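Trainee: Numbering (this note's numbering), first residue to last: 35 to 375.
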Ligand SMILES: *Cc1c(COP(=O)(O)O)cnc(C)c1O
């Protein structure tokens, strides 16, 4: 199976499994796992944050961060296509009791004016906003990247209006590799940020949430409350360290493969590819071929290629287990399926 459905489809490599098998471990929830602690230090220095927490998943990072930044009855600002809004089972409302004010966006990116327009005049009638969320790189936006200046401008505006800023950096390193802008340049303006090890970085588990000492102290409590306090997590953290050391630079390959995939698919009659392709994601539409997304996906899967649907859009994601050869095979399968339709 050529699995382009997500960059979560990666399997741990032999090298990664080896370091996991021999990792030094301790009790994570008492702060005594040396491998987790080493990972946290590495992430803090990459993101230039005071301290950090190891969590099982990115979704839990968002839940814990929103909980630590807000009180029930407040509002948070997110863009209309944010993962927090679209793909986390309503967790922000469910666990933190906040309402989600949706900002219009261009592939997930909005402007300072959009932020200002979404902040209501203080009134007894409205839920006061206390947090702005940004996503870098942006998943539903098409793997799109916030330009540094635009990001710093919206963060500055949020801070001026008394809002904290949280970055969902599930794919932050895709943005870093694509632009050669260092991670801490992007995270400088954010009060909290997390990175995911299970996307392009290719680890089986794990995410790290980082911020100030005061923020992480609050977040640590919610990590326990939400059941995210762990024991000998160093086994997993070792895989994450391996990913930081070995799987960042290679994201270039995924980006190049995504370009090749996008070009190939775009040359097939009836397929509309969303451009530009900024990182490792290709979004496209097959409605001109007369195929429904589900039928298209079922047809390519018969030929050993898997992609996913997000509404009417098809998403194909390149990653560690997708070679150039796989990309070419996938283009051929799509071509065949469309021709037969
Ligand atoms: C995958 C993803 C998440 C959730 O992370 P999990 O590790 O799957 O829980 C959150 N935000 C974005 C942008 C993602 O792509």
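Don't be surprised by glycine CBs; every beta carbon is placed ideally from N, CA and C.
Owing to the predicted nature of the structure, the values given are computational and were not obtained by experimental measurement.
Would residue 252 count as contacting chain C if we go by Cβ distances under 8 angstroms?
Mentor: Annotation note: the requested chain C is absent from the structure, which comprises a single protein chain.
Trainee: So who's on the other strand from residue 297, going by DSSP bridges?
Mentor: Looking at the DSSP assignment, residue 297 forms no beta bridge with any residue, so it has no partner.
Trainee: Please report the residue range of the beta strand (DSSP E) in which residue 204 lies.
Mentor: Here residue 204 belongs to no beta strand (DSSP E), and DSSP marks it neither H nor E.
Trainee: Could you pull out every residue in the same chain whose Cβ sits closer than 6 angstroms to the Cβ of residue 345, ignoring the five residues on either side in sequence?
Mentor: Result list for residue 345: empty, nothing under 6 angstroms.
Trainee: How many angstroms separate the CA atom of residue 301 from the CA atom of residue 323?
Mentor: Using only the alpha carbons, I get a separation of about 13 angstroms.
Trainee: First and last residue of the alpha helix (DSSP H) that includes residue 347?
Mentor: Per DSSP, residue 347 belongs to no alpha helix (DSSP H); it is in the beta strand (DSSP E), 347-351.
Trainee: For a test of your reading of the model: does the CB of residue 37 fall under 7 angstroms from any non-hydrogen atom of ligand 1? Yes or no.
Mentor: Because no heavy atom of ligand 1 lies under 7 angstroms away, the Cβ of residue 37 does not count as near it: no.
Trainee: Give me, in chain order, the residues of the same chain whose beta-carbon lies closer than 8 angstroms to that of residue 263; leave out the 5 immediate sequence neighbours on both sides.
Mentor: So the qualifying residues of the chain are 62, 63 and 257.
Trainee: Measuring only from the beta carbon, is residue 141 closer than 7 angstroms to any heavy atom that is part of ligand 1?
Mentor: No.
Trainee: Residue 375 and residue 88: beta carbons closer than 8 angstroms?
Mentor: No; because the gap between Cβ atoms is not below 8 angstroms, this pair is not in contact.
Trainee: Under the criterion of a Cβ to heavy atom distance below 7 angstroms, does residue 232 qualify as lining ligand 1?
Mentor: At least one heavy atom of ligand 1 is nearer than 7 angstroms to the Cβ of residue 232, so yes.
Trainee: Looking at the secondary structure, which residues open and close the beta strand (DSSP E) in which residue 167 lies?
Mentor: That run of the beta strand (DSSP E) goes 163-169.
Trainee: Following a CB-centred definition, is residue 202 positioned closer than 7 angstroms to any heavy atom of ligand 1?
Mentor: Yes, since a heavy atom of ligand 1 falls inside the 7 angstroms radius drawn around the Cβ of residue 202.
Trainee: Does DSSP put residue 245 in a helix, a strand or coil?
Mentor: Of the three classes helix, strand and coil, the one that applies to residue 245 here is strand, per DSSP.
Trainee: Terminal residues of the continuous beta strand (DSSP E) containing residue 330?
Mentor: Note, residue 330: premise wrong, no beta strand (DSSP E); alpha helix (DSSP H) at 327-336.
Trainee: Taking 7 angstroms as the cut-off, is the CB of residue 173 close to at least one heavy atom of ligand 1?
Mentor: Within the cutoff, so yes.
Trainee: Pull up the distance between the alpha-carbon of residue 167 and that of residue 131, whole angstroms please.
Mentor: Their backbone Cα atoms lie some 16 angstroms apart in a straight line.
Trainee: Could you give the first and the last residue of the continuous alpha helix (DSSP H) run that contains residue 197?
Mentor: Note, residue 197: premise wrong, no alpha helix (DSSP H); not H, not E.
Trainee: On a CA-only basis, which of 138, 105 and 102 is nearest residue 119? Give me that one, please.
Mentor: For the residues 138, 105 and 102, the minimum Cα distance to residue 119 belongs to 138.
Trainee: With residue 169 and residue 103 assumed to form a contact (beta carbons below 8 angstroms), what rounded beta-carbon distance in angstroms separates them?
Mentor: Actually they do not touch by this definition, with Cβ atoms about 16 angstroms apart.
Trainee: As a quick exercise: from 199, 250, 253 and 279, pick the residue whose alpha carbon is nearest that of residue 237.
Mentor: Closest option to residue 237, Cα to Cα, is 279.
Trainee: Could you say which of 232, 274 and 226 lies nearest to residue 251 if we only look at CA atoms?
Mentor: Nearest of 232, 274 and 226 to residue 251, Cα basis: 226.
Trainee: Going by DSSP, what residue range makes up the beta strand (DSSP E) through residue 316?
Mentor: Residues 315-319.
Trainee: Starting from residue 343, follow its DSSP beta bridges and name the residues at the other end.
Mentor: Answer is 348, bridged to residue 343.
Trainee: On the DSSP bridge assignment, give the partners of residue 86 in chain order.
Mentor: For residue 86, which the question treats as bridged, DSSP gives the partners 244.
Trainee: Suppose you measure from the CA of residue 231 to the CA of residue 112; what does that come to, to the nearest Å?
Mentor: About 23 angstroms.
Trainee: Ordered along the chain, which non-local residues of its own chain (more than five positions away) have a Cβ less than 6 angstroms from that of residue 277?
Mentor: Correct list, in chain order: 231, 235, 236 and 237.
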